[in-house]
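K.L.:
Chains as they are written, first to last, in the numbering used here: chain H, 3 to 331; chain F, 3 to 290. For each residue, glycine too, the CB sits at the ideal point set by N, CA and C. No experiment lies behind these values; they were computed from the predicted model shown.
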């Protein structure tokens with residue numbers, strides 16, 4: 003469990019300013035890439051709520067990302083003017099329901115069995131979309147029209163505009179971050195963190211731990227659905243690959259690489275992995291060799307991921323940080 | 003449909019189950035004894051298949067190819083355990099997942115460097131080429147029977163090693179209580195190295211045997227990895243008997259699922275696993 007110290011807050015503010023300024027200097031290609039990374043970051047942050055804070059290692063988290071994306075594409079495929087708020091509410095509540103069902107069935111088990119059960123449900127969802135002729139099968143499905151964000155009769159954000167969408171996603175990312183840090187500061191979040199540390203003791207204290215785990219699972223699933231929704235609205239295209247175990251595995255990699263148990267770690271991990279995937283192939287054809295080497299290096303030399311490195315650096319920079327107001331995030 | 007058709011499907015299911023057993027038995031031991039979630043297990047399957055293709059091409063004979071590939075797989079498994087896995091015994095499971103995932107990336111890339119990205123086929127030796135005629139228009143290839151027979155021989159040899167030898171006794175003890183084995187003065191590093199390279203070799207062997215029927219292509223290991231985990235979890239972690247039953251269940255469920263419920267065939271396996279875990283959260287033969 004990490005605390006957010008003042009240097010970390012300063013670091014995060016600098017990152018936020020850089021993200022705010024980026025579209026002004028970045029090429030359209032990179033603006034789009036960073037938009038995608040931010041959407042994926044929302045997804046990996048939600049996974050970190052499970053892995054890093056509640057101690058539930060879900061190997062099927064991509065299912066909710068995919069369900070969110072598919073719901074938007076299926077429910078609003080023929081609608082000409084998609085009301086953004088309405089479609090978002092509907093998609094997220096249905097994704098939340100899916101998370102409730104899968105979570106309720108899965109939290110009965112723990113450890114590796116939980117990992118495998120979440121994987122099993124995700125694979126079932128994957129094959130459901132992969133083999134279903136109604137929803138595009140393995141070709142995926144196109145979304146004909148993008149949601150329109152209206153406030154009254156005025157268009158608030160134009161989703162076709164790359165810059166508009168960039169800031170829109172950034173706002174969601176910041177919103178999700180603040181929402182989760184609020185949850186984790188609340189008594190509810192403290193119970194989650196305690197469950198990760200020692201579930202039996204928490205139960206002995208009289209907390210009904212399955213309920214807490216289930217709520218955490220539903221929150222994480224719903225936020226993953228939000229990320230899927232944003233991605234589908236961004237690309238107008240959904241494929242079954244969104245739900246595959248590769249996607250779930252990749253998300254776990256990003257969380258661990260960035261540093262689990264911190265909310266900003268997964269964001270850093272996502273940026274590193276996606277940028278490497280973008281940069282390395284231009285460098286050599288066998289880029290996965292380097293990627294594998296980097297991951298092994300992180301595992302062996304950075305035990306707490308990149309966020310752990312940032313913590314030790316900032317602690318060294320300011321030894322006073324220990325006295326600064328500590329807050330759980 | 004006639005009974006011979008179902009007989010063929012039954013034989014196919016059993017043969018697939020036996021192959022899965024070779025993979026899952028190694029995986030379940032590595033899990034149960036070493037506590038390692040080894041995502042790289044599929045990579046050993048892939049390496050076995052490619053070694054088989056390569057050495058069969060050089061020597062011109064599948065059997066010599068396999069005989070030459072086995073020591074290479076043992077060495078390879080040993081090297082991976084010493085160089086990478088052994089650093090992680092005291093670390094959280096998640097870091098093992100991350101490291102073995104990196105090993106998959108590296109193994110796949112090495113495969114593409116050494117053997118390219120084409121699909122290869124391995125010729126079935128003359129001796130096993132024919133098929134047994136069941137009815138006028140249905141026949142069962144002899145090579146598939148050979149795979150089943152070879153798996154049975156390996157399974158019996160494994161049973162003998164694990165139940166009747168001193169090494170097997172240590173392995174069984176390690177699977178039920180690792181700390182106690184250490185406390186009794188058994189060199190746990192040595193045991194881990196043996197278990198890991200044994201598991202890797204079994205996976206590679208499955209790849210070698212399957213190469214002539216399944217062809218050899220990039221990503222061959224990734225597809226089978228998840229199914230092997232399903233088998234291990236259904237059987238219960240650390241239980242070889244469980245892996246055997248689980249492998250046959252999955253092999254038959256997959257084969258008959260494809261025949262009887264083609265539109266949802268791939269879901270059958272996972273639904274089976276979910277049902278088993280719902281009924282017994284620790285797997286069929288797992289300890290609570």
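(1) Classify residue 121 of chain H as buried or exposed, calling it buried when 16 or more other Cβ atoms lie within 10 Å of its own Cβ.
(2) Buried or exposed: where does residue 143 of chain F fall if 16 or more other Cβ atoms within 10 Å of its Cβ makes it buried?
(3) Residue 111 of chain F and residue 166 of chain H: beta carbons closer than 7 angstroms?
(4) Select from F:233, F:241, F:214 the residue whose C-alpha is nearest the C-alpha of residue 121 of chain F.
(5) DSSP three-state call for residue 188 of chain H: helix, strand or coil?
(6) What whole-angstrom Cβ distance do residue 290 of chain H and residue 235 of chain H have, given they're in contact under 8 angstroms?
(7) Could you check the C-alpha separation between residue 159 of chain H and residue 151 of chain H for me, to the nearest Å?
(8) Report the residues of the stretch 205-223 of chain H with a CB closer than 7 angstroms to any CB of chain F, ordered along the chain.
(9) Could you tell me the boundaries of the beta strand (DSSP E) in which residue 284 of chain F lies?
(10) So, does the stretch 192-208 of chain F touch the stretch 164-181 of chain F, judging by three or more C-beta pairs under 8 angstroms?
(11) Measuring only between beta-carbons, confirm whether residue 256 of chain H sits less than 7 angstroms from chain F.
(12) Go through its chain and collect everything with a Cβ distance to residue 44 of chain F's Cβ below 6 angstroms, but skip five positions before and after it.
(13) Going along chain H, which residues have a C-beta under 7 angstroms from residue 283 of chain F?
(14) Can you pull out the residues from the stretch 105-137 of chain F whose beta carbon lies closer than 9 angstroms to at least one beta carbon of chain H?
(15) Pairs of beta-carbons, one from the stretch 194-201 of chain H and one from the stretch 56-74 of chain H, closer than 8 angstroms: are there three or more?
(16) Expressed to the nearest angstrom, what Euclidean distance is found between the alpha-carbon atoms of residue 182 of chain H and residue 74 of chain F?
(17) Closest to residue 109 of chain H by C-alpha separation, out of H:279, H:210, H:316, H:266, would be which residue?
(18) Within its chain, find whatever has a CB closer than 6 angstroms to the CB of residue 42 of chain H; leave out the 5 residues flanking it on each side and keep chain order.
(19) Tell me, please, whether the stretch 100-116 of chain H touches the stretch 63-80 of chain H by the rule of three or more beta-carbon pairs shorter than 8 angstroms.
(20) Mind checking whether residue 292 of chain F and residue 205 of chain F have CB atoms under 7 angstroms apart?
(21) DSSP three-state call for residue 305 of chain H: helix, strand or coil?
(22) What is the rounded straight-line gap between the Cα of residue 54 of chain F and the Cα of residue 46 of chain H?
(23) With a threshold of 16 other CB atoms inside 10 Å of the CB of residue 83 of chain H, please say whether the residue is buried or exposed.
(24) Under 8 angstroms, CB to CB, which of the residues in the stretch 85-97 of chain F have a partner in chain H?
(25) List in chain order: all unbroken alpha helix (DSSP H) runs of 4+ residues lying wholly within the stretch 128-188 of chain F.
(26) Please list the partners that residue 236 of chain H has in chain F, where partner means a Cβ-to-Cβ separation under 9 angstroms.
(27) Let me know if residue 98 of chain F comes out buried or exposed under the rule of 16 or more other beta-carbons within 10 Å of its beta-carbon.
(28) Relative to the C-alpha of residue 172 of chain H, which residue among H:34, H:306, H:131 is closest?
(29) Quick check on the DSSP output: the alpha helix (DSSP H) that includes residue 81 of chain H runs from which residue to which?
(30) Mind checking residue 89 of chain H: buried by the 16 CB within 10 Å criterion, or exposed?
(31) Rounded to whole angstroms, how far is the Cβ of residue 16 of chain F from the Cβ of residue 253 of chain F, which I believe are closer than 8 angstroms?
(32) Between the alpha carbons of residue 161 of chain H and residue 237 of chain H, how many angstroms are there, rounded?
(33) List, in order along the chain, the chain H residues whose C-beta lies closer than 7 angstroms to that of residue 265 of chain F?
(34) Going by the beta-carbon positions, is the gap between residue 52 of chain F and residue 113 of chain F smaller than 7 angstroms?
(35) Are the C-beta of residue 294 of chain H and some C-beta of chain F separated by less than 7 angstroms?
(36) Figure out for me which residue from F:200, F:71, F:248 has the closest Cα to the Cα of residue 22 of chain F.
P.N.:
This is what the structure gives:
(1) Taking the first chain and counting its residues from 1, the one referred to as residue 121 of chain H is at position 119. So residue 121 of chain H counts as buried.
(2) Position 141 of the second chain, counted from the start, is the residue given in the question as residue 143 of chain F. By the 10 Å Cβ count, residue 143 of chain F comes out buried.
(3) The residue labelled residue 111 of chain F in the question sits at position 109 within the second chain. The residue labelled residue 166 of chain H in the question sits at position 164 within the first chain. No. Outside cutoff.
(4) For the purposes of this step, residue 121 of chain F is identified with residue 119 of the second chain, where counting begins at 1. Ranked by how close their Cα comes to the Cα of residue 121 of chain F, the residues F:233, F:241, F:214 have F:214 in first place.
(5) Translated into positions along the first chain, residue 188 of chain H becomes position 186. Here DSSP, grouped into helix, strand and coil, assigns residue 188 of chain H to coil.
(6) Residue numbering aside, residue 290 of chain H sits at position 288 when the first chain is read from its first letter. Residue numbering aside, residue 235 of chain H sits at position 233 when the first chain is read from its first letter. Contact between residue 290 of chain H and residue 235 of chain H does not hold, since the beta-carbon distance rounds to 30 angstroms and is not under 8 angstroms.
(7) As a first step, residue 159 of chain H must be located in the first chain, where it is residue number 157. As a first step, residue 151 of chain H must be located in the first chain, where it is residue number 149. Rounded to the nearest whole angstrom, the C-alpha separation of residue 159 of chain H and residue 151 of chain H is 6 angstroms.
(8) Flagged: no residues at all.
(9) Residue numbering aside, residue 284 of chain F sits at position 282 when the second chain is read from its first letter. Neither: residue 284 of chain F is in no beta strand (DSSP E) and is coded neither H nor E.
(10) Cβ pair count under 8 angstroms is three or more, so yes.
(11) As a working note, residue 256 of chain H is residue 254 in the first chain. Judged by the 7 angstroms Cβ criterion, residue 256 of chain H is not in contact with chain F.
(12) As a first step, residue 44 of chain F is located in the second chain; it is residue number 42 there, counting from the start. These residues qualify, in order along the chain: 223, 224, 226, 227.
(13) Residue mapping note: residue 283 of chain F aligns to position 281 of the second chain, counting from 1. Contact of residue 283 of chain F with chain H by beta-carbon distance below 7 angstroms involves 110, 111, 115.
(14) Of all residues in the stretch 105-137 of chain F, only 105, 106, 107, 108, 109, 110, 111, 112, 114, 115 place a beta-carbon less than 9 angstroms from a beta-carbon of chain H.
(15) Using a Cβ-Cβ distance cut-off of 8 angstroms, the stretch 194-201 of chain H and the stretch 56-74 of chain H are in contact, since at least three pairs of beta carbons, one from each stretch, lie closer than that value.
(16) The residue you call residue 182 of chain H lines up with position 180 of the first chain. The residue you call residue 74 of chain F lines up with position 72 of the second chain. Cα-Cα distance, rounded: 50 angstroms.
(17) Within the first chain, numbered from 1, the residue matching residue 109 of chain H stands at position 107. Nearest in C-alpha terms to residue 109 of chain H, of all of H:279, H:210, H:316, H:266, is H:210.
(18) Along the first chain, read from residue 1 onward, the residue named residue 42 of chain H stands at position 40. Taking C-beta separations shorter than 6 angstroms and ignoring five residues to either side along the sequence, the partners of residue 42 of chain H in its chain run 272, following chain order.
(19) The stretch 100-116 of chain H, when compared against the stretch 63-80 of chain H, does touch it at the 8 angstroms Cβ threshold.
(20) There is simply no residue 292 of chain F to check, as chain F begins at 3 and stops at 290 in what is shown.
(21) Translated into the one-based positions of the first chain, residue 305 of chain H becomes position 303. It is coil, neither helix nor strand.
(22) One-based indexing of the second chain puts residue 54 of chain F at position 52. One-based indexing of the first chain puts residue 46 of chain H at position 44. One C-alpha to the other measures close to 40 angstroms.
(23) Working through the first chain from its first residue, we reach residue 83 of chain H at position 81. Here residue 83 of chain H is exposed, its C-beta having fewer than 16 other C-beta atoms within 10 Å.
(24) Close to chain H, meaning a Cβ-Cβ distance shorter than 8 angstroms, are the following residues of the stretch 85-97 of chain F: 86, 89, 90, 93, 95, 96, 97.
(25) With a minimum length of 4 residues, the unbroken runs of alpha helix (DSSP H) contained wholly in the stretch 128-188 of chain F fall at 144-166, 168-178, 180-185.
(26) Counting from one through the first chain, the residue named residue 236 of chain H turns up at place 234. Residues of chain F passing the Cβ test: none, with the nearest at roughly 27 angstroms.
(27) Position 96 of the second chain, counted from the first residue, corresponds to residue 98 of chain F. Label assigned to residue 98 of chain F: buried.
(28) Indexing the first chain from 1 puts residue 172 of chain H at position 170. If we check each option's Cα against that of residue 172 of chain H, H:34 comes out closest.
(29) Position 79 of the first chain, counting from 1, holds the residue named residue 81 of chain H. Unbroken run through residue 81 of chain H: none, as it is neither H nor E.
(30) Mapped onto the first chain, residue 89 of chain H falls at position 87. Residue 89 of chain H is buried by the Cβ-count criterion.
(31) For the purposes of this step, residue 16 of chain F is taken as residue 14 along the second chain, with counting starting at 1. For the purposes of this step, residue 253 of chain F is taken as residue 251 along the second chain, with counting starting at 1. Your pair residue 16 of chain F and residue 253 of chain F checks out as a contact, with CB atoms roughly 6 angstroms apart and the cut at 8 angstroms.
(32) Here the question's residue 161 of chain H lines up with position 159 in the first chain. Here the question's residue 237 of chain H lines up with position 235 in the first chain. Rounded to the nearest whole angstrom, the CA to CA distance from residue 161 of chain H to residue 237 of chain H is 11 angstroms.
(33) Within the second chain, the letter at position 263 stands for residue 265 of chain F. Ordered by position in chain H, the residues that pass the 7 angstroms Cβ test against residue 265 of chain F are 133.
(34) As a working note, residue 52 of chain F is residue 50 in the second chain. As a working note, residue 113 of chain F is residue 111 in the second chain. Taking the C-beta atoms as reference points, residue 113 of chain F is found nearer than 7 angstroms to residue 52 of chain F.
(35) Along the first chain, read from residue 1 onward, the residue named residue 294 of chain H stands at position 292. Yes, residue 294 of chain H lies at the interface with chain F (some Cβ there is under 7 angstroms from its Cβ).
(36) On the second chain, position 20 is the one that residue 22 of chain F refers to. Looking at the Cα atoms, F:248 is the closest of the given residues.
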